[in-house]
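The listed protein sequences derive, respectively, from chains A and B.
Residue numbers for the first sequence follow this note's numbering, so the first one is 13 and each next one is one higher.
Residue numbers for the second sequence follow this note's numbering, so the first one is 13 and each next one is one higher.
Number of protein chains: 2
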Amino acid sequence: MNIGEAAKASGVSAKMIRYYESTGLIPAAGRTGSGYRVYSDTEVQMLRFIRRSRDLGFPVEKIEELLALWRDRSRHSADVKRLAQEQIDGLERKIAEMQAMKDTLQHLADACCGDHRPNCPILVDLGNGPMP
Amino acid sequence: MNIGEAAKASGVSAKMIRYYESTGLIPAAGRTGSGYRVYSDTEVQMLRFIRRSRDLGFPVEKIEELLALWRDRSRHSADVKRLAQEQIDGLERKIAEMQAMKDTLQHLADACCGDHRPNCPILVDLGNGPMP
DNA sequence: GCTTGACCTTACCATCATGGGAAGGCCTAT
DNA sequence: ATAGGCCTTCCCATGATGGTAAGGTCAAGC
């Protein structure tokens, strides 16, 4: 399989496959005589693992740890669960932060009549609102 | 007021004030004879407006529009409300996305016993889970 | 065997908002 | 006068991804 086929099969773009190789997240792929990268099913599975982990929001740094555990047949599932829980907690924090922004904005937007007049509580808040 | 004082008074770091000036988000500040930037209360208020807008998640690009409306005394509040609503919608989308990630992870973590054994449904999912 | 088009390679640039640091100048209090 | 704290500009880094350009390769059709 060349890089384009591996990309289609894994859902990771060719560009990103090369990037992951350059940063050491995945080992350097084999090459044909003319320099094309070659991928086996095993390597494609690893790429799918990475893709799925990215889809769940794990940063590449954490995926490195996940991959190490994946390969380690004597891993403790507690270590995997801990990484997952940390990710859940991080998501929770970001969600709460964005929900707070959204609530504030919704409150302001509700108070704005949104017509042709210049009068606007949203702008008033942005100009005079609470300081950090 | 010099840049350090303006930073303290507005909550925007000196670094970012210079950056906003370099990108044209704010007009170039006046200078003392020796080249120090000088800020008036009006300019500090504009910086606070920016800071508050950033805290509500607006990208700088949108803040440019908000600032223009802020200065425009014949604005239509409908335009402000539209910007706010777009921001609310964007936040909503990101929240939903992250909530879906979190739910999936929670489900997987709940199924992982998290002990010393290597057996782990989280890794199984990452390796074989749904394709994009 | 030659052309064509699709693919591969590397290398560089851009994003977006922010921080870090270096090298050098200015200002104020002692 | 000197020390330390502020200012200036300039350059680099982040994180994950996309774009583009210049050049090599492969496979299919003629």
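Beta carbons: idealized from backbone N, C-alpha and C, even for Gly.
Fair warning: this is a prediction, and the values are worked out from it, not measured in the lab.
{"Asked": "Distance, Cα to Cα, residue 43 of chain B vs residue 17 of chain B?", "Found": "15 angstroms"}
{"Asked": "State the beta-bridge partners of residue 49 of chain A as determined by DSSP.", "Found": "A:43"}
{"Asked": "Please report the residue range of the alpha helix (DSSP H) in which residue 101 of chain A lies.", "Found": "89-123"}
{"Asked": "Grab me the residues of residue 70 of chain A's own chain with a C-beta within less than 7 angstroms of its C-beta, minus the 5 sequence neighbours each way, in chain order.", "Found": "78 and 99"}
{"Asked": "Would you mind working out which of B:82, B:31 and B:91 sits nearest residue 127 of chain A, comparing C-alpha positions?", "Found": "B:91"}
{"Asked": "Where does residue 176 of chain A sit, in a helix, a strand or coil, going by DSSP?", "Found": "Residue numbering for chain A in the displayed model covers 13 to 144; residue 176 of chain A lies beyond these limits and cannot be assessed."}
{"Asked": "Counting pairs of Cβ atoms below 8 angstroms between the segment 39-56 of chain A and the segment 72-89 of chain A, do you hit three or more?", "Found": "no"}
{"Asked": "Are residue 68 of chain B and residue 113 of chain A close, meaning C-beta to C-beta below 7 angstroms?", "Found": "yes"}
{"Asked": "Output needed in chain order: residues of the segment 98-113 of chain B with a Cβ under 7 angstroms from some Cβ in chain A.", "Found": "99, 100, 103, 104, 106, 107, 110, 111 and 113"}
{"Asked": "According to DSSP, simplified to helix, strand and coil, what is residue 127 of chain A?", "Found": "coil"}
{"Asked": "Hey, is residue 79 of chain B's beta-carbon within less than 7 angstroms of any beta-carbon in chain A?", "Found": "no"}
{"Asked": "What is the rounded straight-line gap between the Cα of residue 95 of chain B and the Cα of residue 108 of chain B?", "Found": "20 angstroms"}
{"Asked": "Near residue 76 of chain B, which residues of its chain fall below 8 angstroms by C-beta distance, leaving aside the five closest residues on each side in sequence?", "Found": "37"}
{"Asked": "Quick check on the burial criterion: 16 or more other C-beta atoms within 10 angstroms. Buried or exposed for residue 64 of chain A?", "Found": "buried"}
{"Asked": "Return the Cβ separation of residue 124 of chain B and residue 93 of chain A in integer angstroms, given the expectation that the two are a contact with Cβ distance under 8 angstroms.", "Found": "5 angstroms"}
{"Asked": "Flag residue 119 of chain B as yes if its beta-carbon sits less than 7 angstroms from any beta-carbon of chain A, otherwise no.", "Found": "no"}
{"Asked": "Since residue 57 of chain B contacts residue 139 of chain A with CB under 8 angstroms, what's their CB separation in whole angstroms?", "Found": "6 angstroms"}
{"Asked": "In the structure shown, what three-state DSSP assignment does residue 59 of chain A receive?", "Found": "helix"}
{"Asked": "Look at the alpha carbon of residue 137 of chain A and the alpha carbon of residue 120 of chain A, and state the distance between them as a whole number of angstroms.", "Found": "8 angstroms"}
{"Asked": "Tell me the rounded alpha-carbon separation between residue 115 of chain B and residue 41 of chain B.", "Found": "48 angstroms"}
{"Asked": "Indicate whether residue 39 of chain B and residue 87 of chain A have their beta-carbon atoms separated by less than 7 angstroms.", "Found": "no"}
{"Asked": "Counting only beta-carbon atoms, is residue 14 of chain A nearer than 7 angstroms to chain B?", "Found": "no"}
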